[in-house]
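A.B. asks: Sequences listed follow chains X and F, in order.
According to this note's numbering, the first sequence is numbered sequentially starting from 171.
According to this note's numbering, the second sequence is numbered sequentially starting from 255.
The C-beta atom is built at its ideal place from N, Cα and C for all residues, glycine as well.
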Amino acid sequence: MHINVTFSSLSRILAGVEQEILVVPEGTTVDRLFRILGQKHQNLPQDIKGTYFLVNGHNCTHDLVLAEGDQVLIFQLLGGG
Amino acid sequence: MNGYCGKMLFVDLTKRSYEVQALTEETARQFIGGYGIGAKVLFKRMKSGANPLGPDNIVGFTTGPLTGTDALFSGRYTVVCKSPVTGGWNDANSGGFFGPELKKAGFDAVFVQGASETPVYVWIKDGEVAIKDAAHLWGKDVLETEETLKAELGENRLRAAMIGPAGEKMSLISAVINDGHRAAGRGGSGAVMGSKKLKAVVVRGTGNVPVADSEKLKAANQEILHIMKNGPMAQFVPIFSTFGTTMAVSAAAISGDSPVKNWGGVGIVDYGQDGAKNFDGMVMDPKYRVRKYACAKCPIGCGAIYNVKGGKWPVGETGRPEYETSAAFGCLMLNKDLDAVIKCNHICNTYGLDTISAGATVSWAIECYENGILSKEDTGGIELTWGNAEAIVKATEEMADQSTEFGKVLALGSAGATEKIGKGVEYLNSVKGIELAMHDPRLAPGFARTYAVDPTPGRHTKGGMGMSQMRNPDPSKYNSEGSGEPDLQATVFTEIVNTAGLCYFNSFTGVPNMAGKLMPPVTGWDFSPEEQRNTGLRIYNMRHAFNLREGMKPADFPLPKRCVGDPPQTEGPIKGLTVEHKGFIRNFFKAIDWDETTGKPRRSSLEKLGGMEDAINALGL
């Protein structure tokens, strides 16, 4: 299935790309997507702990099963002054 | 005394006199520096009830023991005073080069009381002090002022902490600016200087700050650099070095970290990814960046200088807007115009306004206008609508120069403005009159506790759990059970960072307890973890005691409803969420041993800390 991935802010810098469409197996979870992206973009953090995911504009758990055409926004927040 | 000059300067502008007093080792060790020594001195020398804009207020410029040494990240200083907004304790922290120069000029701190009849500045050069006429500087912006000072004093390397026209006119949201674009912004310190007709404290120093063991300090610095390059944050340090706090602006806007539409909107719905990403450094820098900016002794250098030569608002060279500014003038008012945000940042820097309060005040005014609370007649014809860049810039200009009646109202800050016009209170997002910083407790509930309980309300740089929660999506962060001790630890640790003279962003390096690493080779003290904790507690309690003596209590610091999700948002990443902030506050009070109703610390706790006799006696504990 096709998943639309957008990297925001820090993630965009680390991935080196703003948006891409990934073809992933049916039943792929957010967690699995993170690992697929980590293999594709080596500079992304390997630990999922500090990474936010918005799926179709909503917060989600890492075990959420993605669906065809889902929009996934990925980012980290590091703080600002 | 290593790390210190051992001298504090006390200036009396009414008498046009000054005296130098010793900073004792006991006071230094108990209160470190910055707002720690500031709170100790102001508590002793001021009485309760002093008019914040009167001669009995004292404004202090205080450094830490690391400032002026070779310790990395040590360029900070603090401005302390009684706030004309809260009527209580105020401290505001700034970087750049003023702090180290003051130490090299021979003083750990300068305190100014009284008021001059005519504008003056204080000039300090290698221990020599003069109170000089500043009538010719009054009305100049900070850039013109610094240029003039350098020429007339013949000192190209002087540094100055000064006010612009906003502080001269005693705007309650005016800041103290140094090095052109570094601000001790919050709480109205600029107005206090303005009330004394004190234009600037100007310093030039060629001295050295003694350190206990320069070889061990060098080794500590080397260790810090090694961890930065190889430790857990190694991947992020170069990114932060390039983009600074602009590295995550768009993520903050859509995640729920940044407040949107005067705290009533949803980033991903009302602002959108396309608008937000205009303010990421990677988008802004290619357009305007000309060079990097680093504060004194900073190996990261997270700042930048922009040059805007064209477009609607060609300001020339100016500081890159930081995250707080980009959020306050950006998503907070649904403004997607980058050039407008750069212009507003430039206005705030040159006229001397706190960008957080300035942006939040304009945002408040917009919501009032959109809801008919303010009319076009009230705004002097400005159509103050969401995202209207021209209107936002115009309102900011008028707020800075107070050239119109509307501008004079805005210059009071949002809370002062509602008092003046008698309406609009329902759209305030402030605690005790201080506009909240640009981090939403609905995403990181720890900020609710800090905003409400820190002796300087509404701040995002006063420790607690907010910053670490913001970085962590795990929903367990909303559960306040057991929060007291970790919240307290994260708070007292920050007291040490801030008072030692270290930059808050030392935490981005991955170096654990940088203050604990740098203080021993500089001061010669062991500075054990237990001493650090007790010192942090003492400093926090001293700032709090200042407020208690003014008659303040916890109920005086209610949080605005929007920031805790009352009612919750109905869409977006934080929909349905109400923050259980009272649990976090209750737990913190228990951990620090303060009475929940009166806010008073237990006498035995303060006695155990030592150095708190003034507070114990004054508060009748």
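1. Have a look at the DSSP bridge pairing and note the partners of P306 of chain F.
2. Tell whether a beta-carbon distance below 8 Å holds between N347 of chain F and R330 of chain F.
3. According to a CB-to-CB cut-off of less than 8 Å, which residues of the region 237 to 250 of chain X neighbour chain F?
4. Looking at G439 of chain F and K358 of chain F, is the spacing between their C-beta atoms short of 8 Å?
5. Pick out whichever of X:L236, X:S179 and X:H172 has its Cα sitting closest to the Cα of I244 of chain X.
6. Can you list, in chain order, the residues of its chain with a C-beta nearer than 6 Å to that of E576 of chain F? Leave out the 5 residues immediately preceding and following it.
7. State the Cα-Cα distance for the pair T372 of chain F and Q527 of chain F, rounded to the nearest angstrom.
8. Specify whether the region 527 to 545 of chain F and the region 839 to 853 of chain F touch according to this definition: at least 3 beta carbon pairs, one from each stretch, less than 8 Å apart.
9. Could one say the Cβ of M724 of chain F lies closer than 8 Å to chain X's Cβ atoms, at least one of them?
10. So which residues on chain F does D213 of chain X lean against when the C-beta distance must stay under 8 Å?
11. Whose C-alpha, out of F:D324, F:K815, F:P855 and F:R545, is nearest the C-alpha of A559 of chain F?
12. Of all the options F:T402, F:G700, F:I596 and F:M768, which has the alpha carbon lying nearest to the alpha carbon of E578 of chain F?
13. At least one CB of chain F closer than 8 Å to the CB of K136 of chain X: is that the case?
14. Mind reading off the beta-carbon distance from V751 of chain F to R787 of chain F? Whole number of angstroms is fine, and I expect it under 8 Å.
15. What separation, rounded to the nearest whole angstrom, lies between the Cα atoms of E785 of chain F and P821 of chain F?
16. Could you say which of F:L682, F:G676, F:T763 and F:F497 lies nearest to G485 of chain F if we only look at CA atoms?
17. Nearest chain X C-beta to G826 of chain F closer than 8 Å, yes or no?
18. Distance, Cα to Cα, G557 of chain F vs Y547 of chain F?
19. Only counting the same chain, and skipping five residues up and downstream in sequence, which positions put a Cβ closer than 6 Å to that of S370 of chain F?
20. From I646 of chain F to E469 of chain F, what distance separates their C-alpha atoms?
21. On the DSSP letters alone, give me the boundaries of the beta strand (DSSP E) that G700 of chain F sits inside.
22. Quick check: the region 566 to 574 of chain F against the region 505 to 521 of chain F, are at least 3 beta-carbon pairs closer than 8 Å?
23. Hey, out of X:G227, X:L184 and X:I218, whose CA is closest to P727 of chain F's CA?
24. DSSP three-state label for H693 of chain F, please.
25. What did DSSP end up calling L452 of chain F once you bin it into helix, strand or coil?
26. Along chain F, in chain order, which residues have C-beta atoms closer than 9 Å to that of T199 of chain X?
27. Is Q275 of chain F close to chain X? Criterion is C-beta to C-beta, closer than 8 Å.
28. Can you tell me whether D387 of chain F is helix, strand or coil according to DSSP?
29. On a CA-only basis, which of X:D201, X:H172 and X:M171 is nearest F223 of chain X? Give me that one, please.
30. Counting contacts by CB-CB distance shorter than 8 Å, is N229 of chain X in contact with chain F?
31. Taking its Cβ as the centre, do 16 or more other Cβ atoms sit within 10 Å of Q723 of chain F, making it buried, or is it exposed?
32. Thinking C585 of chain F and Y525 of chain F are a contact (beta carbons under 8 Å), I'd like their distance in whole angstroms, please.
33. Return the Cβ separation of P711 of chain F and F811 of chain F in integer angstroms, given the expectation that the two are a contact with Cβ distance under 8 Å.
34. Give every residue of the same chain whose Cβ lies closer than 7 Å to the Cβ of F361 of chain F, excluding the five residues on either side of it in the sequence, and list them in chain order.
35. What residue does the beta strand (DSSP E) around Q367 of chain F start on, and which one ends it?
36. Is there a C-beta anywhere in chain F that falls below 8 Å from the one on L207 of chain X?
C.D. replies: On the basis of the coordinates in this document:
1. Beta-bridge pairing links P306 of chain F to no other residue.
2. yes
3. L243, F245, Q246, L247, L248, G249 and G250
4. no
5. X:S179
6. T499
7. 51 Å
8. no
9. yes
10. With the sequence shown as reference, residue 213 of chain X is identified as Asn, and Asp is not the correct amino acid for it. By Cβ distance, chain F contributes Q489.
11. Position check: residue 559 of chain F holds Ile in this sequence, whereas Ala was assumed. Of the listed residues, the one whose Cα sits closest to I559 of chain F is F:R545.
12. F:I596
13. There is no way to answer for residue 136 of chain X, as the model of chain X reaches only from 171 to 251.
14. That belief does not hold up - the Cβ atoms of V751 of chain F and R787 of chain F are roughly 13 Å apart, past 8 Å.
15. 43 Å
16. F:T763
17. yes
18. 4 Å
19. L267 and K451
20. 53 Å
21. Per DSSP, G700 of chain F belongs to no beta strand (DSSP E); it is in the alpha helix (DSSP H), G700 to V707.
22. no
23. X:I218
24. coil
25. strand
26. In chain order: nothing, as chain F lies at least about 15 Å away.
27. no
28. strand
29. X:D201
30. yes
31. buried
32. 5 Å
33. 6 Å
34. C259, K261, M262, L263 and I378
35. A363 to Q367
36. no
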